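Student:
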Amino acid sequence: MKPYNYIASRLIGFVLILLIGSIIYQFTIYPSIKKSEGWLQHLAERQLEKNAEILYFSSSTNKAFGPTDTDQRSIVEIVKNSIQHKIVSIDTGAIHCGIFYEILKRIPQNQLPKKIIIDLNVRSFGNNWIHSGLENSLQRNLVYWNAYPGVINHLRASMKVYNYQSPAEHHSAIEYGEKFAELPFGNSHTTIKKWCDSLFKASKTPEEGMTMIRHFGHFIDEKNTMLRNVDLIVEWGKKQHIPIVFIILPENVHRMEFLVGNDLRNLVEQNADFLQKRYSTKNVQVINLVDDLDETVFFESFPTEHYTSVGRKHIAQKMIEKINSKK
-17 MKPYNYIASR
-7 LIGFVLILLI
3 GSIIYQFTIY
13 PSIKKSEGWL
23 QHLAERQLEK
33 NAEILYFSSS
43 TNKAFGPTDT
53 DQRSIVEIVK
63 NSIQHKIVSI
73 DTGAIHCGIF
83 YEILKRIPQN
93 QLPKKIIIDL
103 NVRSFGNNWI
113 HSGLENSLQR
123 NLVYWNAYPG
133 VINHLRASMK
143 VYNYQSPAEH
153 HSAIEYGEKF
163 AELPFGNSHT
173 TIKKWCDSLF
183 KASKTPEEGM
193 TMIRHFGHFI
203 DEKNTMLRNV
213 DLIVEWGKKQ
223 HIPIVFIILP
233 ENVHRMEFLV
243 GNDLRNLVEQ
253 NADFLQKRYS
263 TKNVQVINLV
273 DDLDETVFFE
283 SFPTEHYTSV
293 GRKHIAQKMI
303 EKINSKK
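Just so it is clear: in the sequence shown, position 199 is 181 by the numbering used here, and no numbers are missing.
1. Sort LYS16, LEU37, HIS197 by Cα distance to ASN135 and report the nearest one.
2. According to the neighbour-count rule (16 or more other Cβ atoms, all chains shown, within 10 Å of its Cβ), is VAL143 buried or exposed?
3. At which residues does the beta strand (DSSP E) containing LYS32 begin and terminate?
4. Are THR173 and PHE182 closer than 8 Å when you measure CB to CB?
5. Quick one: what does DSSP say ILE65 is sitting in, helix, strand or coil?
6. Using a 10 Å radius around the Cβ and a threshold of 16 neighbouring Cβ atoms, would you call ARG294 buried or exposed?
7. Compute the distance between the beta-carbons of VAL268 and PHE228, then report whether it is under 8 Å.
8. Among TYR261, SER180, GLU84, VAL235, which has the Cα closest to the Cα of GLU277?
9. Hey, quick one: how far does the beta strand (DSSP E) through ASN270 stretch, first residue to last?
10. Quick one, are the C-beta atoms of VAL272 and ILE230 less than 8 Å apart?
11. For a test of the three-state rule: what should DSSP assign to LEU102, helix, strand or coil?
12. In the structure shown, what three-state DSSP assignment does TYR38 receive?
13. Tell me the rounded alpha-carbon separation between LEU25 and THR74.
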């Protein structure tokens, strides 16, 4: 029996060392790791602690302001001055409906709001956003938002045990979509690549136009990855009996039309109409602002949903009207 006692004592000692080491790690090293790599939980919980009646989910749109703006208030700051309800935002750059859903399903029952308002960017339904270089970082962030021991979370993150795709895979997905995803146009506009090639041949300065095509030249249908995330948000709202409002954000359709013609503008508007009809029939309120703003309100050459104070005030006013209405 002595050999068995020897082995058992060694195993018990090994387990104790692991347990003690894990406890030390949990309270000394892990907090700093979670703060730097799992910051999304802290961001969301800090806002949820304010016990607002309305949560506004946005990306960088909410707080971005132009270089000449004298009024640098965020959208939500403009809104809160004109409503009687307490509203707070959960926003940071590059997040989208997939991340919004992950946050929503982690909200404790005692912190649920009475209403959810969520930005929908038509651009976020395209491959350049879905396969953004920031997506792996966001997915890795979610690994730390749970009750597992810190050493387990860190191990899972290190071993990429999450929704991970290599940069090469993301690049290939974008490239494949540009070559083969069909668009509802004829001639040289049947795919993104053919469209960009034709623009390159026809224009002396095609770069901005091709960027627009690459970020907005997608046709939203039932198979779209981001669409499934939006569906999950709608299902969550129904389950929790919380009304949801989607805001289809303004896009720089006038600049698109100037750079590449009517087809791209029509496609963006068609995609916005698709989203509006789809979710209006699911008893979700949808505010479609896709072509509400002219190009002077967009202050960046790269296609973003970043607006000067004029644009932020316009979006805020539409939110105020919806919040204050009885419907």
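Glycine included, every Cβ here is placed at the ideal spot set by N, Cα and C. Quick caveat, the model's predicted, so the values are computed rather than measured.
Tutor: On the basis of the data shown:
1. As a first step, residue 135 must be located in the sequence shown, where it is residue number 153. The shortest Cα separation from ASN135 among LYS16, LEU37, HIS197 belongs to LYS16.
2. Within the sequence shown, numbered from 1, the residue matching residue 143 stands at position 161. By the neighbour-count rule (16 or more Cβ atoms within 10 Å), VAL143 is not buried but exposed.
3. The residue you call residue 32 lines up with position 50 of the sequence shown. Element bounds for LYS32: n/a, residue is neither H nor E.
4. One-based indexing of the sequence shown puts residue 173 at position 191. One-based indexing of the sequence shown puts residue 182 at position 200. In this structure, THR173 lies away from PHE182, with their beta-carbon atoms at least 8 Å apart.
5. Walking along the sequence shown from the start, residue 65 turns up at place 83. Note: ILE65 maps to coil in three-state DSSP.
6. Walking along the sequence shown from the start, residue 294 turns up at place 312. When all chains shown are included, ARG294 counts as buried.
7. Taking the sequence shown and counting its residues from 1, the one referred to as residue 268 is at position 286. Taking the sequence shown and counting its residues from 1, the one referred to as residue 228 is at position 246. For the pair VAL268 and PHE228, the CB atoms are nearer than the 8 Å cut-off.
8. Start at 1 with the first residue of the sequence shown, and residue 277 comes out as number 295. Residue VAL235 is the option with its Cα nearest to GLU277.
9. For the purposes of this step, residue 270 is taken as residue 288 along the sequence shown, with counting starting at 1. Segment 267 to 270, the beta strand (DSSP E) holding ASN270.
10. Stepping through the sequence shown from its first residue, residue 272 is reached at position 290. Stepping through the sequence shown from its first residue, residue 230 is reached at position 248. With a cutoff of 8 Å on beta-carbon distance, VAL272 and ILE230 are scored as near each other.
11. The sequence position of residue 102 within the sequence shown is 120, counting from 1. Here LEU102 sits in strand by DSSP.
12. Here residue 38 corresponds to residue number 56 of the sequence shown, with the count starting at 1. Secondary structure of TYR38 (DSSP, three-state): strand.
13. Numbered from its first residue, the sequence shown carries residue 25 at position 43. Numbered from its first residue, the sequence shown carries residue 74 at position 92. Distance between the alpha carbons of LEU25 and THR74 is about 9 Å.
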